[in-house]
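Presented below is the structure to which this report refers.
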Amino acid sequence: MLFLAIDTTTAVCSVALGREGELLAEYLLNIKKTHSQRLMPLIISMLRDSDVDRHRLEGICVAVGPGSFTGIRIGVATARGLAHGLSIPLVGVNTLEALAGAGACYPALLCPLLDARRSQVYAAVYRGGASVLETVEPPQALSLDELGRRLLLYSGEVIVLGDNLPAFREALAPLLGRRYREMPLPSALNRASYVLQRGFVIWREEGPVPLYALNPLYLRLPEAQRRLPEQ
Amino acid sequence: MVLNGRRILSNVISSQDDLHRRFGGVVPEIASRRHLEMINPIIDEALARAGVALTELEAIGVSYGPGLVGSLLVGVSTAKALAYALDVPLMAVNHLEGHIYANFLTGVVIVFPLLCLVVSGGHTSLIYMQNHGELTVLGRTRDDAAGEVFDKVARALSLGFPGGPAIAKLAQGGDAVAFSFPRALMGEEWQMDFSFSGLKTAVLNSIRREKEQGRQVKLEDLCASFQAAVVDVLVEKTALAARRYAVRQLLLAGGVAANSELRRSMFCRMEEEGVEVIVPPPQLCTDNGAMIGAAAYFALRRGRLAEPTLNAVANLMIDGA
Ligand SMILES: [Zn+2]
Numbered sequence: 200m201l202f203l204a205i206d207t208t209t210a211v212c213s214v215a216l217g218r219e220g221e222l223l224a225e226y227l228l229n230i231k232k233t234h235s236q237r238l239m240p241l242i243i244s245m246l247r248d249s250d251v252d253r254h255r256l257e258g259i260c261v262a263v264g265p266g267s268f269t270g271i272r273i274g275v276a277t278a279r280g281l282a283h284g285l286s287i288p289l290v291g292v293n294t295l296e297a298l299a300g301a302g303a304c305y306p307a308l309l310c311p312l313l314d315a316r317r318s319q320v321y322a323a324v325y326r327g328g329a330s331v332l333e334t335v336e337p338p339q340a341l342s343l344d345e346l347g348r349r350l351l352l353y354s355g356e357v358i359v360l361g362d363n364l365p366a367f368r369e370a371l372a373p374l375l376g377r378r379y380r381e382m383p384l385p386s387a388l389n390r391a392s393y394v395l396q397r398g399f400v401i402w403r404e405e406g407p408v409p410l411y412a413l414n415p416l417y418l419r420l421p422e423a424q425r426r427l428p429e430q
Numbered sequence: 038m039v040l041n042g043r044r045i046l047s048n049v050i051s052s053q054d055d056l057h058r059r060f061g062g063v064v065p066e067i068a069s070r071r072h073l074e075m076i077n078p079i080i081d082e083a084l085a086r087a088g089v090a091l092t093e094l095e096a097i098g099v100s101y102g103p104g105l106v107g108s109l110l111v112g113v114s115t116a117k118a119l120a121y122a123l124d125v126p127l128m129a130v131n132h133l134e135g136h137i138y139a140n141f142l143t144g145v146v147i148v149f150p151l152l153c154l155v156v157s158g159g160h161t162s163l164i165y166m167q168n169h170g171e172l173t174v175l176g177r178t179r180d181d182a183a184g185e186v187f188d189k190v191a192r193a194l195s196l197g198f199p200g201g202p203a204i205a206k207l208a209q210g211g212d213a214v215a216f217s218f219p220r221a222l223m224g225e226e227w228q229m230d231f232s233f234s235g236l237k238t239a240v241l242n243s244i245r246r247e248k249e250q251g252r253q254v255k256l257e258d259l260c261a262s263f264q265a266a267v268v269d270v271l272v273e274k275t276a277l278a279a280r281r282y283a284v285r286q287l288l289l290a291g292g293v294a295a296n297s298e299l300r301r302s303m304f305c306r307m308e309e310e311g312v313e314v315i316v317p318p319p320q321l322c323t324d325n326g327a328m329i330g331a332a333a334y335f336a337l338r339r340g341r342l343a344e345p346t347l348n349a350v351a352n353l354m355i356d357g358a
């Protein structure tokens, strides 16, 4: 099964190509430019450089969020457009779960976190070390204080992952003390190879998502709706 | 689905008006989310209604601006991916230009050079068109678009969203000279720009004054007077341009072109000028995919293909400025 994977949910714009247990190519840009301009050219050149005709693709994995609303939509719309045009199946992958895959071999708490603005982060907590990641705290938007309180409820080392760890270090490191660990940078970035890897697992366990049903995981209502009085 | 830029095979519209009504206007984030949900189903529905298979498509057109960037990105991302997957050319269409091309779907013979008046919730532009791809903006609004003022006045009168149809309906039974509202830049012959914010303020002030003095606002009269002020300016500026550029045809376009008073008044005035007025049917005046398809066809004939780097441009200008 030859799959294409896409992740545009954070500042990183990344695409990967591979089969289960085999990564053929991964292109990644972390240049803080709009994903809209870079994503299709990245896909086109990666396939060209890999000598893979678009019609040989058998499925598409895409990171569906949480993350930047606009970034999520660019990735999901592109994945849906490709899957639609090529008539191939789609798999949606949660951005945080994909990132946690980077530390899956460690018998520790894995805490991928992304800036969610308005003094919140998008975070989840998984337990690694076994053959499958165990979900301890599902993906949610919460304050760093609240995240810290949650992490104190569990024992063991905590490995944090994400593209902006220095911004969260001050709040989490003192709280967790010697339990606090940071995943080193290249592995701490959201990247399409993690989405690919996680995508194959979902594919095996749950099968594809119907084209129309592959929707983003925003985790937040639009601002205007949040301000609306309860009805 | 449009055949050869002239024949509509299907034209599917998923309107979001209901979704935004309670906010009194379009909420960008809500619009973007809904567009993403709807875009693939709507493509399939358009194919089904046209009896065309996805693999039979020969080209794809997409509107890349001006507009709300989040919404544009959904269309642009989908269209780029679909065009690549199907290995067909992609054309990037200016949304405003798309409105003009709704007229090419009417079956009327179109003769260049001509004049276009695009009036919608986002735009009020007077455009001189020498040929396909050769457009010059003669005048545009300096502040609010005509349709935007309709929406704002409607909101002040609690008439709901979008405001155009509600105001037009009330205006039918009203006295258009009951209130005297300003007609901005009217006397200035050299000036082809529009300005509607002064009119908006005047109307809102009138509503407040009536309320303060405990009088019931006579809705019909207010709407008729307001609408007449908008229509007068649009018609007079267009007549001026028609004479100066010696055109034989005027293409009306955009959501406000569905306004029957604008149509009636424009037809009368242009007849005096010897200019033929072409207006798309109402369903082609509001935003729709067919008009983008028509514009894309003529762009394809000129070899204007979009690159995979195509991005959404929120404030895209019509003459590339
Ligand atoms: Zn429009």
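These protein sequence lines map, in sequence, to chains A and B.
Residue numbering for the first sequence follows this note's numbering, starting at 200 and increasing by one per position.
Residue numbering for the second sequence follows this note's numbering, starting at 38 and increasing by one per position.
Beta carbons are placed, not taken as given, at the ideal position from N, Cα and C, and that holds for glycine.
(Q) Does the beta-carbon of S157(B), which I'm using as the reference point, lie nearer than 8 Å to any heavy atom of ligand 1? (A) S157(B): yes, Cβ under 8 Å from ligand 1.
Q) How is I50(B) classed by DSSP in three states: helix, strand or coil? A) It is coil, neither helix nor strand.
Q. Apart from the five residues just before and just after A358(B), which ones in its own chain have a Cβ nearer than 6 Å to its Cβ?
A. Low per-residue confidence applies at A358(B): pLDDT is 41, beneath 50, and the placement is therefore not dependable enough to give any value.
Q | Segment limits, beta strand (DSSP E) that includes F367(A) | A | Residue range 365-375 is occupied by the alpha helix (DSSP H) that includes F367(A), with no beta strand (DSSP E) assigned at that position.
Q) So is the beta-carbon of E54(B) under 8 Å away from any non-hydrogen atom of ligand 1? A) Just to set this straight, residue 54(B) is Asp in the shown sequence, not Glu. For D54(B), the shortest separation between its Cβ and any heavy atom of ligand 1 does not lie below 8 Å.
Q. If you measure from the beta carbon of Y417(A) to each beta carbon in chain B, is any gap under 9 Å?
A. It does; some Cβ of chain B falls within 9 Å.
Q) Which bits of chain B does V275(A) rub up against, with CB to CB less than 8 Å? A) Within chain B, L73 have C-beta atoms less than 8 Å from the C-beta of V275(A), given in sequence order.
Q. Is H136(B) near ligand 1, going by C-beta to nearest heavy atom under 8 Å?
A. Yes, Cβ of H136(B) sits closer than 8 Å to a heavy atom of ligand 1.
Q) Going along chain B, which residues have a C-beta under 9 Å from T269(A)? A) Result: S69, V106, G107, L110.
Q. Given that P78(B) touches chain A, what residues does it touch there, using C-beta distances under 9 Å?
A. In chain order, L410, Y411 make up the part of chain A whose C-beta sits under 9 Å from the C-beta of P78(B).
Q. Do you know how far the Cα of F202(A) is from the Cα of V394(A)?
A. Spanning the two alpha carbons is a distance of roughly 11 Å.
Q: Spell out whether any CB of chain A is found under 9 Å from the CB atom of E93(B).
A: No, no contact with chain A.
Q.
Quick check on S244(A): does DSSP put it in helix, strand or coil?
A. Correct three-state label for S244(A): helix.
Q) Taking three-plus beta-carbon pairs below 8 Å as touching, is the stretch 288-303 of chain A in contact with the stretch 395-405 of chain A? A) Counting Cβ pairs under 8 Å, three or more are found: they touch.
**Q.** Three-state secondary structure assigned by DSSP to D314(A)
**A.** Correct three-state label for D314(A): strand.
Q) Cβ-heavy atom distance between T11(B) and ligand 1 below 8 Å? A) Past the edges of chain B, shown from 38 to 358, lies residue 11(B), and the structure says nothing about it.
Q: Mind reading off the beta-carbon distance from G292(B) to G104(B)? Whole number of angstroms is fine, and I expect it under 8 Å.
A: No, G292(B) and G104(B) are not in contact; Cβ-Cβ is about 13 Å, not under 8 Å.
Q | Residues sharing a beta bridge with A361(B), DSSP | A | Residue 361(B) is absent from the model: chain B starts at 38 and stops at 358.
Q. Any beta-carbon of chain A closer than 9 Å to the one on E171(B)?
A. No, its Cβ sits nowhere closer than 9 Å to a Cβ of chain A.
Q.
Taking its Cβ as the centre, do 16 or more other Cβ atoms sit within 10 Å of D248(A), making it buried, or is it exposed?
A. With fewer than 16 other CB atoms across the displayed protein chains lying within 10 angstroms of its CB, D248(A) is exposed.
**Q.** Assigned exposure category for G270(A) - 16 Cβ within 10 Å defines buried
**A.** G270(A) counts as buried, since no fewer than 16 other beta carbons sit within 10 angstroms of its beta carbon.
Q | Three-state class that DSSP yields for Q320(B) in the structure shown | A | Assignment of Q320(B) by DSSP, reduced to helix, strand and coil, places it in the helix class.
Q | D181(B) classed as buried or exposed, judged by whether at least 16 other C-beta atoms fall within 10 angstroms | A | Around the CB of D181(B), 16 or more other CB atoms lie within 10 Å, so the residue is classed as buried.
Q) According to the neighbour-count rule (16 or more other Cβ atoms, all chains shown, within 10 Å of its Cβ), is S69(B) buried or exposed? A) S69(B) sits buried, since 16 or more C-beta atoms from the chains shown fall within 10 Å of its C-beta.
Q) Mind checking whether the beta-carbon of L241(A) lies closer than 8 Å to any heavy atom of ligand 3? A) Among the ligands modelled here, namely ligand 1, ligand 3 does not occur.
Q: With a 10 Å radius around its C-beta and 16 neighbouring C-beta atoms as the bar for buried, classify I50(B) as buried or exposed.
A: Label assigned to I50(B): exposed.
Q | Under the three-state DSSP convention, the category Q339(A) falls into | A | Q339(A) falls in the strand class under three-state DSSP.
Q. Is the stretch 119-127 of chain B touching the stretch 254-272 of chain B, taking contact as three or more C-beta pairs under 8 Å?
A. With contact defined as three or more Cβ pairs closer than 8 Å, the stretch 119-127 of chain B and the stretch 254-272 of chain B are not in contact.
Q) Residues of chain A with CB under 8 Å from N348(B), in chain order? A) Residues of chain A passing the Cβ test: T233, S235, Q236.
Q.
Is there a Cβ of chain B sitting closer than 9 Å to that of R316(A), yes or no?
A. Judged by the 9 Å Cβ criterion, R316(A) is not in contact with chain B.
(Q) If we require 3 or more residues per run, which beta strand (DSSP E) segments fall completely within the stretch 238-318 of chain B? (A) 286-290, 313-315, all fully within the stretch 238-318 of chain B.
Q | G107(B) beta carbon near ligand 1 (any heavy atom closer than 8 Å) | A | No, ligand 1 has no heavy atom inside 8 Å of this Cβ.
Q. Quick one: which chain A residues come within Cβ less than 8 Å of K237(B)?
A. At a beta-carbon threshold of 8 Å, none of the residues of chain A lie near K237(B); the nearest stands roughly 23 Å away.
Q: Please classify V214(B): does DSSP put it in a helix, a strand, or coil?
A: Coil at V214(B), not helix or strand.
Q) Rounded to a whole number of angstroms, what is the C-alpha to C-alpha distance between E356(A) and D314(A)? A) Straight-line Cα distance between these residues: approximately 22 Å.
Q) Which first and last residues belong to the alpha helix (DSSP H) in which M75(B) is found? A) That run of the alpha helix (DSSP H) goes 65-87.
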